[in-house]
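Encoded as structure tokens, the structure appears first; notes follow it.
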Amino acid sequence: MIRHGLRLASIGLTLARYRLDEGLKGWPIHLLASSARVLSWGPRPPVDANRGHRLRLALQELGPIYVKFGQILSTRRDLLPPDIADELAGLQDDVEPFGVDEARAIVEAELEAPIDELFEDFENTPLASASIAQVHGARLKSGESVVVKIVRPGIKRQIDRDLALIKSLARLVRKTHPEGERIRPDEVVAEFERVVDGELDMQAEAANASLIRRNFEDSSDLYIPEIHWELTASRVLVMERVSGIPVRRIDELKRLGVDLEKLARRGIRVFYTQVFRDNLFHADMHPGNILVDASNPDDPTFISLDFGIVGSLTPKDLYYIGENFLAIFNREYRRVAELHVEAGWVPADTRIDQLEAAARTVCEPAFTRPLEEVSFAELVINLFQVARKFKLTIQPQLIMLQKTLLNIEGMGRDLYPKINIWEVAKPELESIYQERYGLPRTAQRIRRQLPGMLARSPELPTLIYEYLKMAGSGHIRTRIDSSDLAELAEELGQHNRRLPGAIVAAGLIVAGAVLAGYQVGPLWQDISIAGGVSALLGLIIGWRSWRG
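For what it's worth, the working numbering labels the leading residue of the sequence shown as 1259, then goes sequentially.
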């Protein structure tokens, strides 16, 4: 507690020097921060610096973990004003490197062999150094050039210490802030903790890279360096060393005659393929993590690096976000509103007509401009912001998706300002959806699931007998909550197109469960038996539906 108190005091002093204490009015730390204005030590921001810039400088001074937290927070544009989100997105995760002796010691400890046995050559000067890890160049005994990514020593202990403080502050904010329940700061911190834990585990990062590489192994759109698994451990990752031109060096790409329109279109296609085909997307696609292979200027390829942060959606969210995208593309605003309700992103009692009007107000003006001037990513973000008035609840994975979409579109427009995002994205998404949710894929899923259900079918008579026996003796009491019924209805809605008999079966089973649990009055045993029979009929109909 004393350590937390001292660190909290240090944070308060830093906030005061950067004139950020005004946002803490009414908080205990505000008195400390305000009184610290008279202190003169330490750097001070320019007098005319805006609040976002001052916050960015303060986080940089507080240390690498706060820089990383600011970077993650910048993705939550649903919670932050645009000026602050833009500034936090500019945070540079660049810190002083740790010594080469420490780097060598970590590699040897993790891989259980001397450096000289593992590598023909190991470069003492790091290629890059960030808050979580730093990278050294090396050469294998085979002569292949590789990079060695090493987790910073002591970083886990430092992260745990700072996280404990940040979690305490988040809980305080949720309890005392007027909008604490909506912004859910403790969940934001949990999201940060999950991301950082993933970045600390080099084997997890290697697995991410390996899977994305496999997904694109036959594609000329994206190249992922090969992982050397025999030289990868919890704190060390060794991968193929690749060369390319940083995507931000557009003048160099132009000088080499690279087809920038083709490159920009490929970037958009890569995003939609990763999200909607593979449901695994690189969620840290800033320009520093993207190179361009310009060896063939007419057929350039993206090269992705750093896979510590990847995103994945639940099947339900993946379906509904894609349907929302298609509805926006087609200007079907009522469908947008209905999808928000169906997905559970807004309360079930939300008035569809009002949400439809809100969606139309946000989207329709965009269609009065040439589509190459319209940012689809910004349109989606604005739509979600307007939906907040209807008590929108968005999961962190969807926020990460928004941020990645914004990055990809920004990169595409930097490469080729005249690119029509809509023209590229709409047919790509339609094609993926037709393949993913079409009849052939649905039939394939049913065929995979059917053997398991049939394998369990011989158990049904015994289960039914045991159920009737318990029902007759009065030992079953069934309670069905509204949430359970809602979940059941949702499942039925997903399957009713391919299993017509399941609707009748489920209705009988639910009725049977209710009747079996009815324990009021002298006839309750007869009612329970009737419920058991109803359930039995439901199970038989359901089984026959599966048998076809």
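Glycine residues also receive a C-beta, built at the ideal position from the N, C-alpha and C atoms.
Bear in mind the structure is a predicted one, so any value in this text is a computation, not a measurement.
Exercise. For the candidate residues L1659, R1513 and E1498, whose alpha-carbon lies nearest to that of W1487?
Worked result: E1498
For this session: Drop a sphere of 10 angstroms on the beta-carbon of D1695, count the other beta-carbons inside from all chains shown, and report buried for 16 or more, exposed for fewer.
Result: Sequence inspection shows Tyr at residue 1695; the Asp mentioned does not correspond to that position. Label assigned to Y1695: exposed.
For this session: Compute the Euclidean distance between the alpha carbons of L1554 and D1517, then round it to the nearest angstrom.
Result: Before going on, a small fix: residue 1554 reads as Asn here, not Leu. If I take the Cα positions, the gap works out to 9 Å.
Exercise. For V1353, which residues from the same chain have a beta carbon less than 7 Å from its beta carbon, with the 5 sequence-adjacent residues on both sides left out?
Worked result: Excluding positions up to five away in sequence, the list reads P1322, S1387, A1388 and S1389.
Exercise. DSSP three-state call for G1569: helix, strand or coil?
Worked result: strand
Exercise. Would a C-beta distance cut-off of 8 Å place V1494 and L1664 closer than the cut-off?
Worked result: no
For this session: Report back the beta-carbon spacing between D1444 and A1422 to the nearest angstrom; my notes put them in contact at under 8 Å.
Result: That pair is no contact at about 13 Å.
For this session: Return the residue from the list F1583, L1597 and R1609 that minimises the CA-CA distance to A1635.
Result: F1583
Exercise. Of the choices P1628, I1690 and T1651, whose alpha-carbon is the least far from that of I1677?
Worked result: P1628
Exercise. Roughly how many angstroms separate the alpha carbons of D1672 and E1519, rounded to a whole number?
Worked result: 10 Å
For this session: Examine the Cβ distances between the stretch 1535 to 1550 and the stretch 1460 to 1478 and report whether three or more of them are shorter than 8 Å.
Result: In short, these stretches touch, since the Cβ pair count reaches three.
For this session: Starting from the Cα of A1683, find the closest Cα among S1332, E1451 and R1523 and give me that residue.
Result: R1523
Exercise. Is it right to say I1567 is buried, meaning 16 or more other beta carbons lie within 10 angstroms of its own, or is it exposed?
Worked result: buried
Problem set entry | I1677, DSSP secondary structure in three states | Under the three-state reduction of DSSP output, I1677 falls in the coil class, being neither helix nor strand.
For this session: Using beta-carbon positions only, say whether I1666 and G1525 come within less than 8 Å of one another.
Result: yes
Problem set entry | Alpha-carbon to alpha-carbon, I1579 and A1624 | One Cα belongs to A1624, the other to I1579, and the distance between them is close to 20 Å.
Problem set entry | N- and C-terminal bounds of the beta strand (DSSP E) containing D1551 | Where D1551 is concerned, the enclosing beta strand (DSSP E) stretches over I1548 to D1551.
Exercise. Going by the beta-carbon positions, is the gap between A1585 and E1614 smaller than 8 Å?
Worked result: no
Exercise. Near I1610, which residues of its chain fall below 8 Å by C-beta distance, leaving aside the five closest residues on each side in sequence?
Worked result: Only R1592, A1595, E1596 and V1599 meet the Cβ criterion.
Exercise. Which first and last residues belong to the beta strand (DSSP E) in which K1399 is found?
Worked result: Looking at the DSSP string, K1399 is not in any beta strand (DSSP E), and its letter there is neither H nor E.
For this session: Work out the CA separation of G1569 and D1476 for me, nearest whole Å.
Result: 22 Å
Problem set entry | Residue span of the alpha helix (DSSP H) that contains I1413, given as start and end | It spans I1413 to T1434 - the alpha helix (DSSP H) in which I1413 sits, taken as one unbroken run.
Exercise. Out of curiosity, what's the CA-to-CA distance linking V1203 and A1606?
Worked result: Residue numbering for the chain in the displayed model covers 1259 to 1806; residue 1203 lies beyond these limits and cannot be assessed.
Problem set entry | Rounded Cβ spacing between L1641 and C1621 (contact assumed at less than 8 Å) | 7 Å
For this session: Go to S1332, then tell me how far its alpha helix (DSSP H) extends in each direction, as first and last residue.
Result: Taken as a continuous stretch (DSSP letters only), the alpha helix (DSSP H) holding S1332 covers P1322 to S1332.
Exercise. Would a C-beta distance cut-off of 8 Å place V1528 and L1480 closer than the cut-off?
Worked result: yes
For this session: Kindly indicate which residue of D1459, D1379 and V1409 has the alpha-carbon position closest to the one of S1400.
Result: With distances taken between Cα atoms, S1400 lies closest to D1379.
Problem set entry | Opening and closing residue of the alpha helix (DSSP H) in which V1528 lies | L1518 to Y1530
Exercise. Helix, strand or coil: how does DSSP classify S1689 here?
Worked result: helix
Exercise. When the Cα atoms are used, what is the spatial distance from M1669 to L1521?
Worked result: The alpha-carbon atoms of M1669 and L1521 are separated by roughly 10 Å.
Exercise. For the alpha helix (DSSP H) that E1636 lies in, which residues bound it at each end?
Worked result: Residue range F1634 to A1645 is occupied by the alpha helix (DSSP H) that includes E1636.
Exercise. How many Å lie between Q1660 and R1646 at the Cα?
Worked result: 15 Å
For this session: Have a look at the DSSP bridge pairing and note the partners of K1407.
Result: V1393 and L1495
For this session: Select from I1548, P1483 and A1491 the residue whose C-alpha is nearest the C-alpha of R1507.
Result: I1548
Exercise. Where does H1598 fall in DSSP's three states?
Worked result: helix
Problem set entry | For D1379: DSSP bridge partner residues | R1397
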